[in-house]
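S.K.:
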Amino acid sequence: ILPQTEVLVGNHKTLTDFLLPDWDNERPPSARELAVAAGEHGTRFVLVTGVMLPSKGKGTEQWVDNVLASAQGALTGEKFERFEASFVGAGDTLSAALASLLAAGSELQAAVGEALAFLDNSLDAGFRPGMGNVIPDRFFWALPPGEEEDGEPGEDPGSGPQGEPDGSNLPRQVH
Numbered sequence: 002i003l004p005q006t007e008v009l010v011g012n013h014k015t016l017t018d019f020l021l022p023d024w025d026n027e028r029p030p031s032a033r034e035l036a037v038a039a040g041e042h043g044t045r046f047v048l049v050t051g052v053m054l055p056s057k058g059k060g061t062e063q064w065v066d067n068v069l070a071s072a073q074g075a076l077t078g079e080k081f082e083r084f085e086a087s088f089v090g091a092g093d094t095l096s097a098a099l100a101s102l103l104a105a106g107s108e109l110q111a112a113v114g115e116a117l118a119f120l121d122n123s124l125d126a127g128f129r130p131g132m133g134n135v136i137p138d139r140f141f142w143a144l145p146p147g148e149e150e151d152g153e154p155g156e157d158p159g160s161g162p163q164g165e166p167d168g169s170n171l172p173r174q175v176h
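My numbering applies: residue 2 is where the sequence shown begins, and numbers increase by one.
#1: Could you give the distance in angstroms between the alpha-carbon of V89 and the alpha-carbon of Q73?
#2: According to DSSP, is F46 part of a helix, a strand, or is it coil?
#3: Quick one: Cα of T17 to Cα of L120, how far?
#4: Quick one: is P137 buried, meaning 16 or more other Cβ sit within 10 Å of its Cβ, or exposed?
#5: By the three-class DSSP mapping on this structure, what secondary structure does G90 have?
#6: Relative to the alpha-carbon of P4, which residue among R28, A38 and P22 has its alpha-carbon at the smallest distance?
#7: Just confirm the distance between the C-beta atoms of A116 and L99, as a whole number of angstroms; I'd bet it's less than 8 Å.
#8: In angstroms with no decimal places, state the Cα-to-Cα distance between P146 and L21.
#9: Helix or strand or just coil, what does DSSP make of S31?
#10: Within 10 angstroms of its Cβ, does A118 collect 16 or more other Cβ (buried), or is it exposed?
#11: Less than 8 Å between the CB atoms is what I'm expecting for S87 and V52, so what's the real figure, rounded?
#12: What's the C-alpha gap between L71 and E82?
#13: In chain order, which continuous runs of the beta strand (DSSP E) of length 3 or greater are located wholly inside the region 7-31?
#14: Considering Cα atoms alone, identify which of L76, Q63, E85 and L124 is closest to D93.
Structural data, given as C-alpha cells:
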C-alpha cells in the first residue's frame with residue numbers, strides 16, 4: 002500500500018517502529034531519515050507527529066513538533082503545546098483533515114498547516130465521555146459565538162459545577 006501513498010501520516014514512535022525497526026542509535030531518527038525509509042517503499046512524503054521537543058527549564062510546558070519531510074529534508078512544521086491528556090482518534094482526525102484538503106486541491110504544505118491547526122483546535126475542544134481517553138471534537142467550529150461549553154473566560158476548566166475540582170486539571174481546555 003505504501004507505493005500508492007502520497008503522504009504517510011504517523012506518530013514519531015510508530016513510524017520509527019514501522020519504518021526503521023532495527024534503529025539502534027541513541028538519538029531518535031529525524032523526520033528526514035523516516036522519509037528516506039518511507040521513500041524506499043515508494044512513499045514521497047511523511048508527516049511525523051508528536052516529536053517531543055526539549056523543555057527549556059523545570060516546570061515549563063512541553064512542546065511537540067510535527068514535521069512534513071521528504072527524502073531531501075524537512076519541508077514544513079508546526080509546534081504545539083502538549084496536552085496533558087490521552088486522546089483516541091487524534092491521528093484519524095489529522096489524516097482525514099489532510100486528505101480532504103488535498104482532495105479539494107490545496108497545496109501540500111498549506112494543507113499540512115491547516116490540518117494541524119484543525120487537529121489542535123479539535124483536541125483543545127475535546128471531551129471525555131467517561132473515564133477513558135479524550136475524543137477530539139471535530140465540530141468545535143459549529144458552536145455559535147457565546148455558546149461555548151467551557152464557561153467564562155479564565156474559569157478553571159478542571160472544576161465542576163460548583164467550582165469543585167473534577168479531577169482533570171488539564172493545562173489546556175479539554176471538556
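From the three backbone atoms N, C-alpha and C, an ideal C-beta is built for every residue, glycine too. Owing to the predicted nature of the structure, the values given are computational and were not obtained by experimental measurement.
M.R.: On the basis of the supplied data:
#1: The straight-line gap from Cα to Cα measures roughly 32 Å.
#2: In this structure, F46 counts as strand in the three-state DSSP scheme.
#3: A straight line joining the alpha-carbon of T17 with that of L120 spans about 22 Å.
#4: Answer is buried; the Cβ neighbour count reaches 16.
#5: In this structure, G90 counts as coil in the three-state DSSP scheme.
#6: From the listed residues R28, A38 and P22, the smallest Cα separation to P4 is found for A38.
#7: Right, their Cβ atoms sit about 4 Å apart.
#8: Their Cα atoms are separated by approximately 46 Å.
#9: S31: coil per DSSP, three-state reduction.
#10: Answer is exposed; the Cβ neighbour count stays below 16.
#11: Contact flag wrong, Cβ pair sits at about 18 Å.
#12: Contrary to the premise, residue 71 reads as Ser rather than Leu in this sequence. Roughly 25 Å separates the two Cα atoms.
#13: For the region 7-31, whole beta strand (DSSP E) runs of length 3 or above, ordered along the chain, are 8-12.
#14: Nearest Cα to D93 within the set L76, Q63, E85 and L124: L124.
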